[in-house]
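The listed protein sequences derive, respectively, from chains A, B and C.
Residues 479 to 861 in our numbering are what the first sequence spells out, letter by letter.
Residues 849 to 1085 in our numbering are what the second sequence spells out, letter by letter.
Residues 24 to 214 in our numbering are what the third sequence spells out, letter by letter.
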Amino acid sequence: MNRRHLMSGLASSVLMSSFPIGAAEQVSIDSRYERPSKDSDEGSLWGYMDHEEDKLKKSPFLIRDSQFKNYLSSIACKLGGAHCPDIRVYPLMVPFFNANMAPNGMMQIWSGLMLRVDNEAQLAGVLGHEIGHYLARHSIQHLRDAKSRSGLGFVTGLFGAVGAIASLGLAAGGFAYSRENETAADEIGISLLSKAGYDPNEFANVWENLQIEIKASTEGENSGFQQLFSTHPLPKDRQDNLRRIALLSPGSVKNEELWQDNISPYLRIWLKDEVKRNKFESSLALFNRLVQREKNKSEYLFSRGEVYRLRNKGDDFQFAINDYKAAVLAGNEPAEVHKGLGLIYKSKGDKDLAKASFLTFLAKEPQASDSLLIKSYIEELES
Amino acid sequence: MIILNPFFRICILFFFYFGFSSTGFCQSKNLAPNFFGLKSQSSVLLMPIDIELSEISLGGVMEPKTDWTEAASKLISANVTSRQSVFKVKFIDLVDDGQNDEVNDINALHAAISQSIGLHHFGVSGNALPTKLGNLDWSLGEVVQGLRGKTNADYALFFWVRDTYSSSERKMATVALALLGRSLQGGLQVAYSSLVDLKTGQIVWFNLIKKPDGDLRNPGGVSITLDNLLSNFPIAQ
Amino acid sequence: MKKLIFILLVGLLSACANVVKVESGEFKVSDHMSITLSGAWNQLKVPTLKPAIVWSMEGVTVDQLLIYSDIKDGDTLVPNSLFDSEKNKKFIFHSSMDFSQIASLFEAKFTADGSIFNLDKIEPKVISKQKGVKFEFSLIRKTDNVKIQGIAYCVVSNNQLYALIYQAPKLTFFKRYENSVENMASTIVVR
Chain A
479 MNRRHLMSGL ASSVLMSSFP IGAAEQVSID SRYERPSKDS DEGSLWGYMD HEEDKLKKSP
539 FLIRDSQFKN YLSSIACKLG GAHCPDIRVY PLMVPFFNAN MAPNGMMQIW SGLMLRVDNE
599 AQLAGVLGHE IGHYLARHSI QHLRDAKSRS GLGFVTGLFG AVGAIASLGL AAGGFAYSRE
659 NETAADEIGI SLLSKAGYDP NEFANVWENL QIEIKASTEG ENSGFQQLFS THPLPKDRQD
719 NLRRIALLSP GSVKNEELWQ DNISPYLRIW LKDEVKRNKF ESSLALFNRL VQREKNKSEY
779 LFSRGEVYRL RNKGDDFQFA INDYKAAVLA GNEPAEVHKG LGLIYKSKGD KDLAKASFLT
839 FLAKEPQASD SLLIKSYIEE LES
Chain B
849 MIILNPFFRI CILFFFYFGF SSTGFCQSKN LAPNFFGLKS QSSVLLMPID IELSEISLGG
909 VMEPKTDWTE AASKLISANV TSRQSVFKVK FIDLVDDGQN DEVNDINALH AAISQSIGLH
969 HFGVSGNALP TKLGNLDWSL GEVVQGLRGK TNADYALFFW VRDTYSSSER KMATVALALL
1029 GRSLQGGLQV AYSSLVDLKT GQIVWFNLIK KPDGDLRNPG GVSITLDNLL SNFPIAQ
Chain C
24 MKKLIFILLV GLLSACANVV KVESGEFKVS DHMSITLSGA WNQLKVPTLK PAIVWSMEGV
84 TVDQLLIYSD IKDGDTLVPN SLFDSEKNKK FIFHSSMDFS QIASLFEAKF TADGSIFNLD
144 KIEPKVISKQ KGVKFEFSLI RKTDNVKIQG IAYCVVSNNQ LYALIYQAPK LTFFKRYENS
204 VENMASTIVV R
């Protein structure tokens, strides 16, 4: 499924002329697409995607909060212009960096992406890129190329499967458009971003941030995540291209606060899902960046502390203690900070400190699912 | 109710001579113990059909075909409903938009149970579950009573169908390979159907098809398949 | 994934799988572990679930009782053959794990296929006169979206893991066999 398809530039050249480099004002968003007939291969793909969308609606991964969904839809709409009514947004609790848009208008946005973007403009950049693929109908083109070789298997990898992320070893939607199509989608995306008033530089920032995590991840950790990223590779020339186009395109909105407000109900659970991936090196790289960005956010400090505690190499326990304590100082810390402290102190044999931490945890969260277990630790420490 | 066909007469004789205490000995494999048929004009709820038709490409990749699936689902519903008078039942359609959690959960549960019945009750004898004593003895439990409450139906009829068809390229390859003395697996069809008593959740009748039957992409094929699948439907005597 | 289960089952239907009856009474799981049953169960041969012993009352796609014994430090909870190399092995038990980590280990195994797991409750439990743990969990099974409820009993003895884990659909089946499983868990003897 991880197919880097290197085509000649011919196919996209016609397309590129509609979206000249650096001339964002000349982007025109055509009228909406009509549903293709069922007999065509495009129609068959739409039909398949409609079927996948039905399954997605029932998926336990789907975030059903209509207020949040409407907020995300409003961003997609600002970008999509006349196509707005055709874009249907599905935010999913999937701890990998991904968003993609199927040719029938179904747009998935994964929580791993939403955790990583710093502001609304960055999310809009990624969505704009995906809308770019949709507007330019890249998936149909690729379907026609791929079908003769291997059937529609790639479609599942590309769009279908929330299940594709399942096994940690599988690519999260590992599928590559051609380099030319990726460039085209970049350029359309930045046009849309700029036209909607967002700061187009933010799109390049998304990828730079992600690169930091990729570099940090070990060989053993790169499954799924790395493969996903490799579908949107970032060679130097692409990064340069993004920066260059952005320079020529107006727009300044970032909406950092608005973004943080809207995701705040989900932040803790997304962070927890990230820690659960057990990809210590890349998680640390991510959390280091988040802590750097917002030095006094207890959730980020706590999450980094958790990773140190679980990794438990060298001085990790001390790093974890430092982070947990910083989280407490920052205020409004998750109750589990105290459980984490308790577990470390218990490991080190610091009985009094352990007991005190556990008691604090239980006071803050008496109904915790592991409250009885923690109580038994306290009894052990007392005896 | 005593059924006096020859098979049952022999069973009754065995029962008296050999004192078998389980009615399972004489009971059809497709029927729950102590169930011998519907009462005439029982109301039967038609559950949303759990069906997926796919095409297998040359490379062996299965591609679900939504249009085939939707068409087949409608054909099956229509065909089943048309058997109403022959089956001496009243079919009730469940109005369902696919988003009802209760219906989806029950359908999913039924699918899981069907697979176990197919494997352990209708599979090779080495797969049988000894604790079931050879009986068709599975129940969805009281959770189905909500359906009875909503529809007043006595029973619910479930279908689970997975069907694959070889693409024309694959068919051609199959012919070519056959000439070389090798084979490619063709299309597969697995279909389960069960009748559930909505008072208790007991699966009172179950049947399955394990090999290619009718082509579900057309009405004739649906008829052939359902003639087979419903051949031993427990019609009221 | 639905496709896989369907193909797997069609395959199994024609294979000669083995199911044997496990009678009431004491059952020797291994040299170091035994349990006592007060009613018969069915033991299934399911190679993909090794090293666990697999029991079921309603069938492999409905409910499963997994029994783990003599799992040493460094052993994995799934067949070794699933990994192409030593360093890619996953779901490894370490004797230094605390009970939360053991629960997380099972969570990782059960969610490997994309199923969603929630730890509902975890508490200490005396098992075979030793300090063990009992945890309750819910799963949404990825293959078919069935909502599953589960209960697990684990103990580490002589640095080896012993566990009894039961999973069944939340609707109807878990409640049906919950008591039987709890009774069985109370009879675990680990030497």
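We treat Cβ as the ideally placed atom computed from N, Cα and C, and that holds for glycine.
Beta-carbon gap between residue i and residue j smaller than 7 Å
i                : j                : result
E881 of chain A  : N548 of chain A  : Here chain A has residues from 479 to 861 only, and residue 881 of chain A is not among them.
R657 of chain A  : A682 of chain A  : no
E777 of chain A  : R746 of chain A  : yes
F1006 of chain B : H958 of chain B  : yes
I171 of chain C  : P538 of chain A  : no
S552 of chain A  : V567 of chain A  : no
K436 of chain A  : A674 of chain A  : Nothing can be reported for residue 436 of chain A: it is not among the residues displayed for chain A, which extend from 479 to 861.
A1004 of chain B : V169 of chain C  : no
S123 of chain C  : N141 of chain C  : no
I618 of chain A  : G558 of chain A  : no
A671 of chain A  : P678 of chain A  : The question names Ala, yet the displayed sequence has Leu at residue 671 of chain A. Yes, the pair counts as a contact, with Cβ atoms nearer than the cut-off.
V42 of chain C   : L967 of chain B  : no
I899 of chain B  : S921 of chain B  : yes
I940 of chain B  : R1018 of chain B : no
N878 of chain B  : N1055 of chain B : yes
Status (buried if at least 16 other CB within 10 Å, exposed otherwise) for residue i
i                : result
M910 of chain B  : buried
E784 of chain A  : buried
H607 of chain A  : buried
R1010 of chain B : buried
N103 of chain C  : exposed
F1020 of chain B : Reading the sequence as shown, one finds Met at residue 1020 of chain B and not Phe. Result: exposed.
S92 of chain C   : buried
G792 of chain A  : exposed
P1082 of chain B : buried
K826 of chain A  : exposed
S695 of chain A  : buried
T1012 of chain B : buried
P896 of chain B  : buried
T166 of chain C  : buried
W981 of chain B  : The residue you asked about is not Trp; residue 981 of chain B is Leu in the sequence shown. Under this definition L981 of chain B is an exposed residue.
Spatial neighbours of residue i in its chain, beta-carbon cut-off 7 Å, leaving aside the 5 residues before and after
i               : result
F196 of chain C : E81, V85 and D86
F114 of chain C : T99, L100, V101, L128, A131 and K132
I499 of chain A : The predicted position of I499 of chain A is uncertain, since its pLDDT is 40 and thus under 50; no value can be drawn from it.
For residue i, the residue or residues it bridges with in DSSP
i                : result
N578 of chain A  : A:Q586
I666 of chain A  : DSSP lists no partner for I666 of chain A.
R566 of chain A  : A:M584
E911 of chain B  : B:E903
A191 of chain C  : C:Q172
E159 of chain C  : C:K144 and C:I174
S180 of chain C  : C:Q183
Y1040 of chain B : B:W1008 and B:L1056
T99 of chain C   : C:I115
L67 of chain C   : C:V42 and C:V77
K938 of chain B  : B:S891
S987 of chain B  : B:Q1050
Residues near residue i by beta carbon distance below 8 Å, same chain, minus five either side
i                : result
E46 of chain C   : L60 and A63
D794 of chain A  : Y786 and R787
Q717 of chain A  : A682, W685 and E686
N952 of chain B  : G946
G1068 of chain B : G1062
Contacting residues, own chain, Cβ-Cβ under 6 Å from residue i (five flanking each side not counted)
i               : result
Q875 of chain B : P881
A208 of chain C : Y176 and L187
L762 of chain A : V785
W588 of chain A : L570, V572, F574 and N576
K817 of chain A : F839
Where residue i meets chain F, residues with beta-carbon distance less than 8 Å
i               : result
S847 of chain A : Protein chains A, B and C are contained in the structure displayed, whereas chain F is not.
Residue i: CB within 6 Å of a non-hydrogen atom of the ligand FMN
i               : result
V992 of chain B : Among the components modelled here there is no ligand, and therefore nothing to report on the ligand FMN.
Three-pair Cβ contact test at 8 Å for the stretch 142-151 of chain C versus the stretch 167-180 of chain C:
yes
Contact between the stretch 981-991 of chain B and the stretch 1057-1065 of chain B is defined here as three or more beta-carbon pairs at a separation below 8 Å; is this criterion met?
no
If contact is defined by three or more beta carbon pairs under 8 Å, each pair taking one atom from either stretch, is the stretch 929-940 of chain B in contact with the stretch 1040-1050 of chain B?
no
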